[in-house]
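Each remark here refers to the structure printed beneath this line.
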Amino acid sequence: MIERGHVPVLLNEVLEHLDSAREGTYIDGTIGLAGHAVEILKRNPRAALIGLDVDELALDRVKETLKPYADRVRLYQADFRYLPDLDFDFSEVRGLLLDLGLSSFQLDSPERGFSFNQEGPLDMRMDLRNKTTAFKIVDSYSEPKLAHLFQEYGELRQAKRLAREIVARRKVRKFETTVDLRQVIEQVCHWIPQKGKVHPAAKVFQALRIEVNQELRGLGEFLETMAARVPAGARFVVISFHSLEDRIVKRTFARLGGGAEAPALMRLLTRKPVRPTDEEIIANSRSKPAKLRAAEKI
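Taking our numbering as reference, the numbering of the sequence shown is continuous, increasing by one, and the terminal residue is 288.
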């Protein structure tokens, strides 16, 4: 049973592009609260599942969720990038799923510090073993480094101005909470709520979260490594939630599709990203930025 309050994004599209009715092993590299994984196992009694996540708290919940399928499931607390290092026979893999978004559990837990709408510590760690927190970055990065971070990972127009203000203010009072930071962002960016306009704090929090968790590190290399390891017919499905990740996935799948430099390893299943329907966005507003891309090993 999927945990109450958690809605898997693009569920039917994921199952379709994974072709998840086939017998074999499916890997969920970012299992979260197992919304997609449960449906794969429930609908296909011949499916086995390998699930990975760096979030220990989420994995504790997932173990309960997947109890009915325990004989077909193996779970690991690990970053999906370490999947190639696992002692595992990749010849049985039929599909690999990466849902690169945050789970409702993470967003709705103020103590994790992911949401600027709730007051909590400036943490943002997916893996609580990680020593780097958002507070540490905001409190110690130089003005140029903060500006680069907000511009590169948050695509924030006022990146330099915000970095300057943060450095000036932290000399007087440290930024302890998400609300402390949000208030400064709103002041610097002259935020006035408007329908359809993205809150600048969303961009800054995205940038900090990417930096804390090193979310972009090795994504393309991981997909290329796995493409060489899995058998023909195995499918990759990746859901991204911001343009930086989507760009990496798009370019990696294009490279794996072959060209002048190397023969093709995969064929694209999605020429353009698959987006949520209007109905899904109404039912689950957090799905709005999702983009799904898929490819198949040849």
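We treat Cβ as the ideally placed atom computed from N, Cα and C, and that holds for glycine.
Could you check which residue in the options has the C-alpha nearest to that of residue i?
i      : options                        : result
Asp236 : Gly247, Arg283, Leu56          : Arg283
Lys281 : Asp89, Gln177, Asp75           : Asp89
Arg219 : Lys161, Asp79, Leu23           : Asp79
Arg289 : Leu234, Phe243, Glu211, Phe231 : No statement about residue 289 is possible, as the shown extent of the chain runs from -9 to 288 and does not include it.
Leu5   : Val264, Thr215, Gly248, Asn107 : Val264
Phe212 : Val52, Ala24, Arg71            : Arg71
Lys161 : Ser99, Gln196, Asp129          : Asp129
Asn203 : Glu133, Thr123, Leu87          : Thr123
Asp170 : Ser105, Arg115, Leu234         : Ser105
Ser275 : Leu258, Phe231, Ile238         : Phe231
Thr15  : Gln184, Leu31, Leu23, Leu0     : Leu31
Ser94  : Gln184, Gly22, Gly249          : Gly22
Val188 : Pro279, Asn2, Ser81            : Pro279
Straight-line CA distance for residue i to residue j?
i       : j      : result
Leu209  : Gly19  : 12 Å
Gln304  : Gly41  : In the structure displayed, the chain extends from -9 to 288; residue 304 sits before or after that span and is not available.
Thr168  : Asp50  : 26 Å
Asp75   : Asp69  : 11 Å
Leu56   : Val44  : 17 Å
Val(-3) : Ala254 : 35 Å
Asp98   : Leu92  : 10 Å
Asp268  : Lys262 : 17 Å
Ile(-8) : Ala48  : Reliability of the predicted coordinates at Ile(-8) is poor, the pLDDT of 48 falling under 50, and the value obtained from them is presented with this limitation in mind. Near 13 Å, if we compare the C-alpha coordinates of Ala48 and Ile(-8).
Arg(-6) : Glu251 : Residue placement at Arg(-6) cannot be trusted, given a pLDDT of 48 that sits under 50; the coordinates are not used to answer.
Glu46   : Ala27  : 17 Å
Ala60   : Glu214 : 30 Å
Arg84   : Ile17  : 8 Å
Trp181  : Gly103 : 21 Å
Leu73   : Ile271 : 32 Å
Please report the residue range of the alpha helix (DSSP H) in which residue i lies.
i      : result
Ala285 : Looking at the DSSP string, Ala285 is not in any alpha helix (DSSP H); the run it does join, the beta strand (DSSP E), is 281 to 287.
Met216 : 209 to 219
Gly144 : 133 to 144
Ser81  : Premise fails: Ser81 is in no alpha helix (DSSP H) and is neither H nor E.
Lys240 : 233 to 246
Phe95  : 94 to 97
Asn203 : 190 to 203
What residues in its chain sit with their C-beta under 6 Å from that of residue i, if we drop five residues either side in the sequence?
i      : result
Arg64  : Ile40
Phe125 : Leu112
Ala191 : Phe106, Arg172, Ile175
Asn2   : none
Give every residue of the same chain whose Cβ lies closer than 7 Å to the Cβ of residue i, excluding the five residues on either side of it in the sequence, and list them in chain order.
i      : result
Ile200 : Tyr143, Leu206
Ala137 : Ala149, Lys150, Ala153
Lys164 : Asp129
Arg36  : Glu13
Val178 : Gln148, Arg151, Leu152, Glu155
Pro100 : Gln108, Glu109, Gly110
Leu234 : Tyr143, Leu206
Gly186 : none
Following a CB-centred definition, is residue i positioned closer than 8 Å to any heavy atom of the ligand ATP?
i     : result
Ala37 : As presented, the structure is devoid of all ligands, the ligand ATP included, so that no description of it is given.
Following the continuous beta strand (DSSP E) through residue i, name the residue where it begins and the one where it ends.
i      : result
Leu258 : 256 to 258
Phe226 : 225 to 230
Quick one: what's got a C-beta closer than 8 Å to residue i's C-beta in the same chain, skipping five residues either side?
i      : result
Ala197 : Leu139, Phe140, Glu142, Tyr143, Gly144, Leu146
Item checked: Length-filtered (4 minimum) alpha helix (DSSP H) runs lying within the region -9 to 72 -> Segments of the alpha helix (DSSP H) lying fully in the region -9 to 72: 1 to 8, 25 to 33, 46 to 55.
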